[in-house]
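S.K.: For the sequence shown, full-length UniProt numbering assigns the number 180 to the last residue and increments by one with no breaks.
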Amino acid sequence: MLGVIFTNLIEMMEQEVGLELTETVLEEANLESKAIYTSVGFYSPGEVVAIVTTLSAHTGIPVGELVESFGVYLFPKLAEYHPQAVRGKKSVIEVLSILDSNIHVEVQKLYPDAQLPEFKTIEESPTHIKMRYISENSLEPLAKGLIIGGATYFNEEVEVDISVESADYSFITVRKTNSS
Ligand code: HEM
1 MLGVIFTNLI
11 EMMEQEVGLE
21 LTETVLEEAN
31 LESKAIYTSV
41 GFYSPGEVVA
51 IVTTLSAHTG
61 IPVGELVESF
71 GVYLFPKLAE
81 YHPQAVRGKK
91 SVIEVLSILD
101 SNIHVEVQKL
111 YPDAQLPEFK
121 TIEESPTHIK
131 MRYISENSLE
141 PLAKGLIIGG
151 ATYFNEEVEV
161 DISVESADYS
171 FITVRKTNSS
């Protein structure tokens, strides 16, 4: 997984739980990388799980909730690093509809080792989108957080419904609730 994901995760932890607990979590998580991440390096996705599981043990907040909050935090950061990905867009639904065919394709060109998920559109209207999410990492809570973070970015409200169908894929449905 791309280092920028880890550097942002650590930044969020420092802001939310403070430097001391962040240090403790990174030590206890027993990371192969020793938590020395560069934004363009690649590290095992298992390290995200190890960090968040250790943070969950310290805070009592469930792992899924922590990963979702991280997604909310991450969206505006990704948009800041890659402004072309969101330029001209008015809704997170628009972003989702071109994620597979455009945004994540451009990410793959920039970072050939990136392991991107698959988001296939099954149904779409201006106020809703239903997608199939396929990823070896099964990061549904991250996807949900990124979608909520995207909605916040575009100043809209959405409902996100995730239905895990098997170990291989999930359905994600997003509905705009303040349709203007
Ligand atoms: C609502 C919109 C988005 C959703 C739902 C989404 C979803 C995801 C998910 C779930 C992952 C984790 C990998 C996995 O599941 O296997 C991921 C990775 C990533 N996404 Fe997106 N994404 C969104 C928008 C963006 C945008 C705007 C950018 C910036 C151009 C971006 C860049 C990346 C990068 C750099 C990675 C890491 C790839 C790696 O670790 O190798 N995403 N995305």
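The beta-carbon is built from N, C-alpha and C at its ideal position, and this holds for glycine as well.
Beta carbon of LEU2, beta carbon of GLY46: below 9 Å?
M.R.: Judged by their CB atoms, LEU2 and GLY46 are not nearer to each other than the 9 Å cut-off.
S.K.: Please classify PHE6: does DSSP put it in a helix, a strand, or coil?
M.R.: helix
S.K.: What is the rounded straight-line gap between the Cα of VAL17 and the Cα of SER163?
M.R.: 31 Å
S.K.: Compute the distance between the beta-carbons of VAL92 and ALA151, then report whether it is under 9 Å.
M.R.: yes
S.K.: Let me know the secondary structure DSSP gives VAL95 once reduced to three states.
M.R.: helix
S.K.: Can you name, in chain order, every residue of its own chain whose Cβ lies under 7 Å from the Cβ of GLU165, other than the five neighbours on each side?
M.R.: Excluding residues within five positions, the ones whose Cβ falls inside 7 Å are PHE171.
S.K.: Cα separation between GLY149 and ILE10?
M.R.: 18 Å
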